[in-house]
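Trainee:
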Amino acid sequence: MKADPVGKISYAVPENSSPERLWFIVMGAPAEHWINPNQEEKDAQWPYRIRITGSQPIIQ
């Protein structure tokens, strides 16, 4: 688990294994939370930016 606001994380698939899928999950947990009282406006969006290298997307 990584909790720093900026940084790098890596994961290496063990040799001699062939996982069918590997899931990457991002969960935002801000220090403060608020509810938007105006239902016409969208709630705040949390900006995440990730870069995945050494992988290929599954095309179905």
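Take 1 as the starting number for the sequence shown in the UniProt record's numbering and just add one per residue.
Heads up, the beta-carbon is just placed ideally off N, CA and C, and yes, glycines get one too.
If you're wondering where the values come from, they're calculated on a predicted model, not measured in any experiment.
1. What's the gap between the Cα of glutamate 20 and the Cα of valine 13?
2. Thinking valine 26 and tyrosine 11 are a contact (beta carbons under 8 Å), I'd like their distance in whole angstroms, please.
3. Please work out which residues of its chain come closer than 8 Å, Cβ to Cβ, to isoleucine 58, disregarding the five sequence neighbours upstream and downstream, and give them in chain order.
4. Please name the residue, chosen from Ser55, Glu41, Gln60, Ile50, that lies closest to proline 5 on a Cα-to-Cα basis.
Mentor: Looking at the coordinates:
1. Residue 20 sits at position 20 when you count from the first residue of the sequence shown. Residue 13 sits at position 13 when you count from the first residue of the sequence shown. About 11 Å.
2. Position 26 of the sequence shown holds residue 26. Position 11 of the sequence shown holds residue 11. In fact, because the Cβ distance is near 14 Å, the residues do not count as touching under 8 Å.
3. Position 58 of the sequence shown, counted from the start, is the residue given in the question as residue 58. Result list for isoleucine 58: Arg21, in chain order.
4. For this step, residue 5 is matched to residue 5 along the sequence shown. That would be Ile50, whose Cα lies nearest to the Cα of proline 5.
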